[in-house]
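Residue numbers (this note's numbering): 3 to 137.
Here the structure comes first, spelled out in structure tokens, and everything after it is commentary.
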């Protein structure tokens with residue numbers, strides 16, 4: 003019985019995951035808002051969520067306004083530099099891990115892991131917002 007309840011709860015939560023960042027509004031002007039790594043990231047994710055939200059009502063999403071702004075805790079230039087360094091460490095480390103010998107492979111794995119940890123520690127510095135209506 004417990005497993006059936008857990009399965010039903012997981013299914014209910016998963017069914018909402020397609021538009022988890024949508025903030026519905028009684029006025030009909032809905033908003034999608036979430037954090038991203040880069041300023042130019044976000045449109046595809048937001049549009050997909052808006053489309054899914056409106057499709058549930060047999061309507062089409064029309065975008066009214068979108069904005070991406072830096073909301074991170076550190077200076078924006080420092081954020082960009084650190085994100086780039088973390089991504090480079092991940093990429094180079096992964097390459098060395100995959101194609102190096104035993105010693106190189108170990109060092110590459112450590113570098114890739116360090117880059118991943120740094121990337122997560124830096125966090126997502128941009129807030130992406132999209133306003134839309136369903137018609």
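Ideal placement from N, C-alpha and C gives every residue a C-beta, glycine not left out.
Tell whether a beta-carbon distance below 8 Å holds between residue 74 and residue 127.
For this step, residue 74 is matched to residue 72 along the chain shown. For this step, residue 127 is matched to residue 125 along the chain shown. A Cβ-Cβ contact shorter than 8 Å links residue 74 with residue 127.
If we count the other Cβ atoms within 10 Å of its Cβ and call it buried at 16 or more, is residue 78 buried or exposed?
Within the chain shown, the letter at position 76 stands for residue 78. Exposed is the call here.
Measuring straight from C-alpha to C-alpha, what distance separates residue 81 and residue 101?
Looking up residue 81 in the chain shown gives position 79. Looking up residue 101 in the chain shown gives position 99. Roughly 30 Å between the two C-alpha positions.
So residue 48 and residue 56 are in contact, right, with Cβ under 8 Å, and what is the actual spacing, rounded?
Taking the chain shown and counting its residues from 1, the one referred to as residue 48 is at position 46. Taking the chain shown and counting its residues from 1, the one referred to as residue 56 is at position 54. Contact between residue 48 and residue 56 fails: their C-beta atoms lie close to 13 Å from each other, not under 8 Å.
Taking the C-alpha atoms as reference points, what is the distance between residue 130 and residue 71?
Residue 130 sits at position 128 when you count from the first residue of the chain shown. Residue 71 sits at position 69 when you count from the first residue of the chain shown. So the two alpha carbons sit approximately 7 Å from each other.
Tell me which residue opens and which closes the alpha helix (DSSP H) that residue 73 is part of.
Start at 1 with the first residue of the chain shown, and residue 73 comes out as number 71. Here residue 73 belongs to no alpha helix (DSSP H), and DSSP marks it neither H nor E.
How long is the line joining the alpha carbons of residue 43 and residue 96, rounded to whole angstroms?
For the purposes of this step, residue 43 is identified with residue 41 of the chain shown, where counting begins at 1. For the purposes of this step, residue 96 is identified with residue 94 of the chain shown, where counting begins at 1. Answer to the nearest angstrom: the Cα atoms are 23 Å apart.
Boundaries of the beta strand (DSSP E) in which residue 32 is found, first to last residue:
Residue numbering aside, residue 32 sits at position 30 when the chain shown is read from its first letter. Annotation for residue 32: the continuous beta strand (DSSP E) segment containing it runs 32-38.
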